[in-house]
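Shown next, in structure tokens, is the structure this report addresses.
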Amino acid sequence: MPDLLELTVPAGLAGKRLDQALAALLPEHSRNRLQQWIDAGAVRVDGATAECKRKVWGGERLRIVPQVHPSEQVWQAEDIALSIVHEDESILVIDKPAGLVVHPGAGNWEGTLLNALLHHAPELDRVPRAGIVHRLDKDTSGLMVVARTLAAQTCLVRDLQARAVTRMYWAVVSGHPAHPEGEVDAPIGRHPTQRVRMAVVPGGKPARTHYRVLRQYATSAWVECRLKTGRTHQIRVHMAQLGHPLLGDPLYAGRGPVASAFGRQALHAFRLGLIHPASGAAMQWQSPMPADLGDLIERLEAEV
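For the sequence shown, position 78 (counting from the first letter as 1) is numbered 69 according to the working numbering, and the numbering increases by one without interruption.
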């Protein structure tokens, strides 16, 4: 825990709000973080807690107990159940359920796959990102590979960059794709105005997705997608670009019936293939259809 800070408000800050005064006294910290400390009761003014908007007039004694931001903490191991489909000295293959965040981040500092991995294999604290080499979105289910050693991680990252790892997905999309099979080759980058979204943008990173329609329903289709690259939200963005957003995807299908047709984006990573980083053997795994996606497809089949 950082050391206790004791400061006196100088006369030059008279009339400032408490958070403004702290920002001037502690410029190494963001004002937002200082406001969080005040709200948490970690800042006392003359022995009492105070609100951000309190005015200071000079001479007040401040007692500050700096709070460690979650992003600066050592990630903690947590006993979270994992579905492990393969495990050896070099790699783990996980069948991730929908709803599990892969890596800690804003709003999800605990309860992630990374925390679970550190509990299952404590030696992963010596591998960057606990061995995670690629990610699935929180509400995407399916197969992921995790490196158990630095050498394995280096090898897997290289193979991912060389497109030597097979990643195939099942998705249910809105509407009827014009062609039974095709490829979307469109660069992806951060949306220019909506920062939580990705988009097809000029100057984005190259992105290619191959798709094949497996079954056509009344107003939707079950498709198989194969990643040729691995960009954030790639399948979701590319299918929306075609005019066929994933069912249940509020980010790319808008707020209408397509977004509410399923409890999450209808996307499952069902097949993973790679060259084992230690043995050099070609390996492949397949994940069964998750229950919620299977139920959705059954309902759609009944409508045909």
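Don't be surprised by glycine CBs; every beta carbon is placed ideally from N, CA and C.
query	result
Pairwise C-alpha distance: Q256 and D286	14 Å
Cβ-Cβ distance between L147 and D86 below 9 Å	no
Spatially closest choice to W276 from T40, D(-6), V84 and R22, by CA coordinates	V84
P268 versus V0 - alpha carbon distance	59 Å
Stretch pair the region 105 to 120 + the region 65 to 72: three plus CB contacts closer than 8 Å	yes
Touching by the beta-carbon criterion (3+ pairs, under 8 Å), the region 44 to 58 and the region 114 to 131	no
Beta-bridge partners of K46, as assigned by DSSP	R8
Own chain partners of V92 with C-beta closer than 6 Å, once the 5 adjacent residues on each side are dropped	N99, T103 and K129
Start-to-end residues for the alpha helix (DSSP H) that takes in I288	A282 to E294
Cβ distance (whole Å) where H111 is taken to contact L53 below 8 Å	The Cβ separation is near 44 Å, so there is no contact.
With 16 other Cβ atoms within 10 Å as the buried cut-off, status of M(-8)	Summary for M(-8): the model assigns pLDDT 46, below 50, so the residue's position carries little reliability; its value from the coordinates is reported in the next sentence. Classification of M(-8): exposed, given that the 10 Å Cβ count is below 16.
Beta-carbon proximity list for G3, same chain, < 8 Å, skipping 5 on both sides	G49
Cβ neighbour criterion (16 or more within 10 Å) applied to Q152	exposed
Beta-carbon proximity of T200 to T223, cut-off 9 Å	no
Selection from W213, L284 and G90 that minimises the alpha carbon distance to H167	W213
Proximity below 9 Å, CB of T157 to CB of R24	no
Through-space distance from R188 to Q144, alpha-carbon basis	28 Å
Environment of D79 [buried if 16+ CB atoms lie within 10 Å]	exposed
Sub-9 Å separation of A198 and P178 beta-carbons	yes
Chain-order list of residues whose beta-carbon lies under 6 Å from that of R149 (same chain, five-residue window excluded)	none
Coil, strand or helix - Q207 by DSSP	strand
Distance, P279 Cα to A190 Cα	30 Å
Span separating the alpha-carbon of L(-5) from that of A138	40 Å
Supposed contact pair V163 and S211 - C-beta distance, whole angstroms, cut 8 Å	6 Å
Option in V192, V136 and Y243 with minimal Cα separation from L265	V136
Spatial neighbours of Y243 in its chain, beta-carbon cut-off 6 Å, leaving aside the 5 residues before and after	R227, A231 and P236
Ranges of the beta strand (DSSP E) found wholly within the region 65 to 113, counting only runs of at least 3	75 to 78 and 82 to 87
Cβ-based neighbour list, L16, same chain, cut-off 7 Å, excluding 5 preceding and 5 following	L(-2)
Inter-residue Cα distance where the pair is D283 and G239	12 Å
Three-way DSSP call (helix, strand, coil) for S251 in this model	helix
Chain-order list of residues whose beta-carbon lies under 6 Å from that of E51 (same chain, five-residue window excluded)	V0, V36 and D37
Buried or exposed (CB count within 10 angstroms, at least 16 for buried), P171	exposed
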